[in-house]
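Enquirer:
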Amino acid sequence: MKKKALAFLLALALCAGLAPLSLGAAALPAMDVVFLVDTSGSMGYEIVSEEGWAIANPLLSATDALRYYVRELTASGLAAFRFALIDYRDYPESTTWEEDYAFRVALDFTADTQAVEEALAGLSTGYGGDYEEAVCSALTEGLSALSWRTDAGKAGILIGDAPALDPEITT
3 MKKKALAFLL ALALCAGLAP LSLGAAALPA MDVVFLVDTS GSMGYEIVSE
53 EGWAIANPLL SATDALRYYV RELTASGLAA FRFALIDYRD YPESTTWEED
103 YAFRVALDFT ADTQAVEEAL AGLSTGYGGD YEEAVCSALT EGLSALSWRT
153 DAGKAGILIG DAPALDPEIT T
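Counting in this note's numbering, the sequence shown runs from 3 upward without gaps.
Have a look at this one:
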């Protein structure tokens, strides 16, 4: 049920971003889509990829679903899509695990779907500390670190299983 809800929310978010197309408006010339993915330890089952199963069942994991949507959106011809990937966890100062980080830009915007798939395959989980994660840092600092096109539609898809830290170190 959790995976079906994830797929529904992802589809809803993408459809909302492309809604003018279904209303008879001209196609968007360009669309920048960023995936923000929680890679703390509790997301392990959503990060794991079952190679070769994504096309037959794109909902095995969140990353498989994202790979599927990248392929489908690119093939749709609705816009000139570019994709970016940000992953987030928690501050190492909070978790006391030096490999943790608030967020990182795993991939800046690109139209190269192979690069997107490789970046998604390269995600791994860390510790993440407590239940809450550095969601606000990923949104504020992470999104501003990307090379957005000024003439493109913009969409962000947030995938996680925990709320934001309140407060965060930087907020």
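Ideal placement from N, C-alpha and C gives every residue a C-beta, glycine not left out.
For clarity, every value in this text was computed on a predicted model and none was experimentally measured.
Does the beta-carbon of S149 have 16 or more other beta-carbons within 10 angstroms, so that it is buried, or is it exposed?
Expert: As a working mapping, residue 149 is identified with position 147 in the sequence shown. S149 is exposed by the Cβ-count criterion.
Enquirer: For I88 and L38, which I take to be in contact (beta-carbon distance under 8 Å), what is that distance rounded to the nearest angstrom?
Expert: Here residue 88 refers to the residue found at position 86 of the sequence shown. Here residue 38 refers to the residue found at position 36 of the sequence shown. Beta-carbon to beta-carbon, I88 and L38 are separated by about 5 Å, close enough to satisfy the 8 Å threshold.
Enquirer: Using a 10 Å radius around the Cβ and a threshold of 16 neighbouring Cβ atoms, would you call S42 buried or exposed?
Expert: Working through the sequence shown from its first residue, we reach residue 42 at position 40. S42 sits buried, since 16 or more C-beta atoms from the chains shown fall within 10 Å of its C-beta.
Enquirer: Excluding five sequence neighbours on each side, which residues of the same chain lie with their C-beta closer than 6 Å to the C-beta of I171?
Expert: Taking the sequence shown and counting its residues from 1, one reaches residue 171 at position 169. Contacts found: Y93.
Enquirer: Just mark G162 as buried or exposed, buried being the case when its beta carbon has 16 or more other beta carbons within 10 Å.
Expert: Reading the sequence shown from its first residue, position 160 is the one you call residue 162. G162 is buried by the Cβ-count criterion.
Enquirer: Need the endpoints of the alpha helix (DSSP H) that R151 sits in, please.
Expert: Reading the sequence shown from its first residue, position 149 is the one you call residue 151. Unbroken run through R151: none, as it is neither H nor E.
Enquirer: By the DSSP assignment, the beta strand (DSSP E) with I88 in it spans what residues?
Expert: Translated into the one-based positions of the sequence shown, residue 88 becomes position 86. Residues A82 to Y90.
Enquirer: Reducing DSSP to helix, strand and coil, say where A121 ends up.
Expert: Residue mapping note: residue 121 aligns to position 119 of the sequence shown, counting from 1. It is helical.
Enquirer: For G158, does the three-state DSSP call read helix, strand or coil?
Expert: Within the sequence shown, residue 158 is the residue found at index 156, counting from 1. Three-state DSSP puts G158 in a strand.
Enquirer: Under a three-way DSSP split, which group does T172 fall into?
Expert: Indexing the sequence shown from 1 puts residue 172 at position 170. Coil.
Enquirer: Check D238 in the structure and name its three-state DSSP category.
Expert: The shown model of the chain, from 3 to 173, leaves out residue 238, and the question about it has no answer.
Enquirer: Just tell me which of A104, F111 and D153 has its CA closest to the CA of A136.
Expert: Numbered from its first residue, the sequence shown carries residue 136 at position 134. When only C-alpha atoms are compared, the closest one is A104.
Enquirer: Quick check: what's the CA-CA separation for T98 versus A81?
Expert: Residue 98 sits at position 96 when you count from the first residue of the sequence shown. Residue 81 sits at position 79 when you count from the first residue of the sequence shown. The straight-line gap from Cα to Cα measures roughly 43 Å.
Enquirer: With which residues is D34 paired in a DSSP beta bridge?
Expert: To locate residue 34, count along the sequence shown from 1; it is residue 32. According to DSSP, which records beta bridges pairwise, D34 is partnered with R84 and K156.
Enquirer: Are the beta-carbon atoms belonging to A113 and R73 less than 8 Å from one another?
Expert: Numbered from 1 along the sequence shown, position 111 holds the residue referred to as residue 113. Numbered from 1 along the sequence shown, position 71 holds the residue referred to as residue 73. In terms of Cβ geometry, A113 and R73 do not form a close pair [threshold 8 Å].
Enquirer: Please return the same chain residues whose Cβ sits closer than 6 Å to the Cβ of Y129, not counting the five positions on each side in sequence.
Expert: Translated into positions along the sequence shown, residue 129 becomes position 127. Closer than 6 Å at the Cβ level, and outside the excluded window around Y129, lie G43, T97, W99 and D102.
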